[in-house]
Structures are given as C-alpha cells and as structure tokens.
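Novice:
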Amino acid sequence: MNEPQKTPSFSWAHVAKIFKPSWYVEQMRGWALPSYLLLMFGFGFLISQTIANPITGMAIWTLAAALLGFTTTLAITNARPINGILGLVSALVYIGLALDAGNPADAVLQFVYIILLDLPVILMPSWSENVATRVRKLSEVKERGEKMTFAKTRTFFVLVFIISYIALYFFDVYVTHSPRPMIDAGAAAIGITGAVLTTLRFSEAYYMWFLQGIAQVVLWGVTAAQGDASLVLFFTYMLYMGNDLIAFFASPWFKKSMRIADHD
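Taking our numbering, the leading residue of the sequence shown gets 646, the next gets one more, and so forth.
(1) Please report the distance separating the alpha-carbon of residue 684 from that of residue 801.
(2) Can you give me the Cβ contacts of residue 859 inside the same chain, cut-off strictly under 8 Å, excluding the 5 residues immediately before and after it?
(3) Does the segment 836–843 come into contact with the segment 751–771, if we say contact requires no fewer than three beta-carbon pairs (one atom in each stretch) closer than 8 Å?
(4) Rounding to the nearest angstrom, what Cα-Cα distance links residue 856 and residue 902 in this structure?
(5) Taking only the alpha-carbon atoms, compute the straight-line gap between residue 817 and residue 679 and give it to the nearest angstrom.
(6) Using the DSSP secondary-structure output, state which residues sit across from residue 781 in a beta bridge.
(7) Would you kindly report the start and end of the unbroken alpha helix (DSSP H) that includes residue 727?
(8) Within the same chain, show all residues whose beta-carbon is closer than 8 Å to that of residue 764, passing over the 5 residues directly before and after it, in chain order.
(9) State yes or no: is the C-beta of residue 898 within less than 7 Å of the C-beta of residue 852?
(10) Nearest by alpha-carbon distance to residue 799: which of 826, 831, 786, 811 is it?
(11) Check whether the segment 704–724 and the segment 864–882 touch, using three or more Cβ-Cβ pairs below 8 Å as the test.
(12) With burial defined as no fewer than 16 other Cβ atoms inside 10 Å of the residue's Cβ, what is the status of residue 854: buried or exposed?
(13) If I'm right that residue 731 touches residue 722 with Cβ under 8 Å, what's the distance once you round it to whole angstroms?
(14) Report back the beta-carbon spacing between residue 888 and residue 682 to the nearest angstrom; my notes put them in contact at under 8 Å.
(15) Can you name, in chain order, every residue of its own chain whose Cβ lies under 6 Å from the Cβ of residue 750, other than the five neighbours on each side?
(16) Assuming residue 891 is part of the alpha helix (DSSP H), what are its boundary residues?
(17) Is it true that the CB of residue 848 sits closer than 7 Å to the CB of residue 780?
(18) Buried or exposed: residue 882, going by 16 or more other Cβ atoms within 10 Å of its Cβ?
(19) List the whole-angstrom C-beta distance separating residue 783 from residue 792, where the pair is believed to meet the contact cut-off of C-beta under 8 Å.
(20) To the nearest angstrom, how far is the alpha carbon of residue 896 from that of residue 776?
(21) Distance check for residue 671 and residue 659, CA to CA, integer angstroms please.
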C-alpha cells in the first residue's frame, strides 16, 4: 500500500526555498537526458524566433512566458516542484497575453493552473515531496490499495471536461465575445481536465496535455493568422508536445522504474 508522506499542510520554510538560488540549481539536476536536450533546443529556437522579428514590449513578454512555461512543463514531467514558482510567473504573463489576444478562456485556464498546479506546490510540502512515488494510472488505484472514490474514475474526468467546455464556451460567446469561442473554450477545457488529472497524480494527464498541445497549436496558429498574436506561442505549444512525448517514454509518469523518491 502506497500512502503519501504526511507533512504539514503549510510551511514557511518550504516557501522560503524559492528565494534560495541553490534550490533552483538542485531542481534542475537529475532530469532525463531527453528533457535537457529539448530544453536547450527549445530555448534556442524560441529566442531565435523572437529576435527574427521586431522587438517590442509584447514580444519580450511573450518570450518570457514561453521560456518559463516551457521549463515548467519539463519540470512537471521530471517530477520537480520548481514547476510551482515558474508556473506561477508564466501563468500571470500568459493571462495578460491571452486577454490581449482575445482568448479569454485561455486566461481562465492559466488561472486554474495557478490554483491547482502552482500555489499548492509553493505553499504545501505535501504536494511537492516525493511526487514520483505517488504518480500512477487510473487502472492502478485498486492494486495500490487506495480507497476508491468518484474523483478516481474516468466518469469524473469526462464530466470535468464537459462542464468546463460548456461554461467556457458561454463565457466566450456571451460575456467576452471572443472571436474564437469554440477552439478557445475547447483548448481550455482540455487543459483544465489535464490539470485536475495532474493534481491527483494520474498518468493519464499526459494524454490530455498532448491533446491540449494540439488544440493550443490550432488556437494560437489561428490567432496569429488573424493578426492578434505572434507565432512564438504557436511554436511554444509545439515544443510542449515534444515534452509530452518524453513523458510517455522517459518519465516516472509512465515508467514505474523511475518512480523513486525525489528530493525537494
């Protein structure tokens, strides 16, 4: 039976780690080699795409969000709690970019990321310690001796997607009048479902992340084609999909042999 380690729900000492440079160095160690290679390629590619176009304030903010968000996804794949602070900063920037581009549902998605994925990791040790030992598939819940609840069933996550999509679609159409309500709401609903799966440490999260990557490529590709954003975010989400592939083949989310205690 695999019980999560019991730790305080909140700890100032845990929060204080984000102010120590040595903690960031430690968090970047021990990643899978493909993650390091993708990180270096992604940084080089995104920076080159940015400097190849006119440098504006919006271009700098877009690059910052792209680099931080990309690093965040790789950190999650490698079960490193550095994703909390990096994700928080990138999400705040993404919210501004999404609202400016006319994709309000994507802004809501980033807010959900902050609540479900970023703040718990930053504030509560129990969310970020030994993550690799707690990830599993939905089909492994019973064999691990866990108590079965509705939140651990596929039906629950289907409902999360349906409710999210309907709510965000009406929000886009009747409140914010988004020019792209179907793909904006769809991409966000997939992302919210993936975030809930990730929060509950289910490997199936990466199926949703991969689908969301496709949806976001479409969303930001259309947004750029309509003149409301640059192509940097379009390319960023293509890199996210590369990270998802790494998760499938070289991460504790899918390889049981890598599910050993990590170090916070």
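Here a beta-carbon is modelled for each residue, glycine too, at the ideal position from N, C-alpha and C.
Specialist: Let's see:
(1) Taking the first residue of the sequence shown as position 1, residue 684 is located at position 39. Taking the first residue of the sequence shown as position 1, residue 801 is located at position 156. Computed Cα separation, rounded: 34 Å.
(2) By 1-based counting over the sequence shown, the position of residue 859 is 214. 886.
(3) yes
(4) Here the question's residue 856 lines up with position 211 in the sequence shown. Here the question's residue 902 lines up with position 257 in the sequence shown. The alpha-carbon atoms of residue 856 and residue 902 are separated by roughly 26 Å.
(5) Residue 817 sits at position 172 when you count from the first residue of the sequence shown. Residue 679 sits at position 34 when you count from the first residue of the sequence shown. Those two C-alpha atoms are separated by around 38 Å.
(6) Reading the sequence shown from its first residue, position 136 is the one you call residue 781. DSSP, once it has assigned bridges, lists 847 as partnering residue 781.
(7) The residue given as residue 727 occupies position 82 in the sequence shown. From DSSP, residue 727 is part of no alpha helix (DSSP H); its letter is neither H nor E.
(8) Walking along the sequence shown from the start, residue 764 turns up at place 119. Around residue 764: 729, 733.
(9) Along the sequence shown, read from residue 1 onward, the residue named residue 898 stands at position 253. Along the sequence shown, read from residue 1 onward, the residue named residue 852 stands at position 207. In this structure, residue 852 does not lie closer than 7 Å to residue 898 by Cβ.
(10) In the sequence shown, residue 799 corresponds to position 154, counting from 1. Minimum Cα distance to residue 799 is reached at 786.
(11) yes
(12) Within the sequence shown, numbered from 1, the residue matching residue 854 stands at position 209. Its Cβ being crowded by 16 or more others within 10 Å, residue 854 is buried.
(13) By one-based count along the sequence shown, residue 731 stands at place 86. By one-based count along the sequence shown, residue 722 stands at place 77. At roughly 13 Å, the Cβ-Cβ gap does not stay under 8 Å, so residue 731 and residue 722 are not in contact.
(14) Taking the sequence shown and counting its residues from 1, the one referred to as residue 888 is at position 243. Taking the sequence shown and counting its residues from 1, the one referred to as residue 682 is at position 37. That pair is no contact at about 11 Å.
(15) Against the sequence shown, residue 750 aligns to sequence position 105. Hits under 6 Å: 813, 817, 829, 830, 833.
(16) Counted from its first residue, the sequence shown places residue 891 at position 246. Residues 877–894.
(17) As a first step, residue 780 is located in the sequence shown; it is residue number 135 there, counting from the start. As a first step, residue 848 is located in the sequence shown; it is residue number 203 there, counting from the start. A contact, by the Cβ cut-off of 7 Å.
(18) Start at 1 with the first residue of the sequence shown, and residue 882 comes out as number 237. The residue in question, residue 882, is buried, as its Cβ has 16 or more Cβ neighbours within 10 Å.
(19) The residue you call residue 783 lines up with position 138 of the sequence shown. The residue you call residue 792 lines up with position 147 of the sequence shown. That pair is no contact at about 14 Å.
(20) Taking the first residue of the sequence shown as position 1, residue 896 is located at position 251. Taking the first residue of the sequence shown as position 1, residue 776 is located at position 131. If you take the alpha carbons of residue 896 and residue 776, they lie about 12 Å apart.
(21) Translated into positions along the sequence shown, residue 659 becomes position 14. Translated into positions along the sequence shown, residue 671 becomes position 26. Their backbone Cα atoms lie some 15 Å apart in a straight line.
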